[in-house]
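Residue numbering for the sequence shown follows the numbering used here, beginning at 10 and increasing consecutively.
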Amino acid sequence: MGGLVAGTMLRGMFEERIKGIIDEIKEHPNMVLFIDEAHTIIGAGAAMGTTSDAANMFKASLARGELRIIGATTLTEYKEFIGEDEALARRFRLVKVTEPSIAETREILLGLRPRLEKNYSVTISDEAINTALEMSPKYIRNLHLPDKAIGWLDTASVKVEINEPSSLVVKPEHIIDVISQESRIPKDMIFRDTTDRFATMEDGLANRVIGQKQAVKAVAQRLRLNKGPLKDNHYKPDGILLFLGPTGVGKTELAKAVAEFMFGDEEKMIRIDMSEYGDGTVGVEKLIGMPRGFVGSERGGILTEQLRENPYTVASGRMLEK
């Protein structure tokens, strides 16, 4: 839609382009118009001094059955833009495309494998595909299948083609390497078996935090439950913990120990002084951003922006009572 709007400085230029598309589709009954980011048709063209936007120009032809359109957008943007225009929304049949299952994604990757192998002159092993599928629910949670797994295989194939021309075989360690770079988590932390690692978590924390055996045990039990093999939703936080105690007893040190154990580095921690955000609604907005629809909502807040930049980290808020 941006390409259609581009360069339409004079009145009527945008309408002429849209009319040309409509006429072309009318002449070819087997032609379907696909609009990616379909919500952008709302308001497109109206800024050039016209009385109608792209959405209104399509409505009449859609109502008469002269156009066959497939639009793609997110559910959030559908509700915010298209859903608000009842006349436009009822001319579309809403089809929700959900994330495929692991089994379905496997079939997609197996079907895509020959093309990737041909493009990069590599061989993608079954083990590499299995690793991408196994790690997909656990890492880079803001992306979804199959796009996430395809991206890992694609990037790994490029790296193998460039760095290992004598082998040209994509293996599990290459997938781990890509995930490590994207998530900023050390490779050995990802590669290590989750069950074995969490079985020794309590000892690992206790070696660093002395004299807080009960607290260490409680933290280990909670994280083992949330992060271990029984976890059924990898899109939720691995744990929400509240450390209570006077100054100097080791609360911050325990948080550092958790960051080091979980992500391989005690510096993988966002530290926020909550006393700076105690002024009611204003403080909340500074921390997590403005609500959708308000000016500045696209920027996020102090906490949300840091988490978006470094999602694999421990967020520590001190002086929480403030």
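Idealized CB from N, CA, C, for every residue including glycine.
Query, Result
"I30 to R73 span [Cα, whole Å]", "16 Å"
"For L125, three-class secondary structure by DSSP", "helix"
"Buried or exposed by the 16-neighbour rule on C-beta atoms within 10 Å, applied to G58", "Only weak support is given to the placement of G58: the predicted model assigns it a pLDDT of 49, under 50, and the question is left unresolved by the model."
"Proximity to D62 [Cα-Cα], best of K28, K265, I159", "K28"
"Cβ separation of Q221 and L263, assumed to be a contact under 8 Å, to the nearest whole Å", "7 Å"
"T140, buried or exposed, once every other Cβ within 10 Å from all chains shown has been counted against 16", "buried"
"Given 8 Å, three or more beta-carbon pairs between the region 85-93 and the region 116-133", "no"
"Member of L253, V218, V258 whose CA lies at the smallest distance from the CA of A268", "V218"
"Close Cβ partners of H153 (< 7 Å) along its chain, the five nearest in sequence each way excluded", "E108"
"N-terminal and C-terminal residue of the beta strand (DSSP E) that L42 is part of", "42-45"
"Pairwise C-alpha distance: D94 and G80", "15 Å"
"Alpha helix (DSSP H) runs wholly inside the region 62-139, at least 4 long, in chain order", "63-72, 84-89, 95-98, 111-129"
"Within 7 Å, strictly: CB atoms of M210 and A229", "yes"
"Rounded separation between G160 and I171 - CA only", "17 Å"
"Range covered by the alpha helix (DSSP H) that runs through G326", "No alpha helix (DSSP H) holds G326; the beta strand (DSSP E) holding it covers 323-327."
"Host beta strand (DSSP E) of M22 (start-end)", "Per DSSP, M22 belongs to no beta strand (DSSP E); it is in the alpha helix (DSSP H), 22-36."
"Strand pairing of I281, partner residues [DSSP]", "G326"
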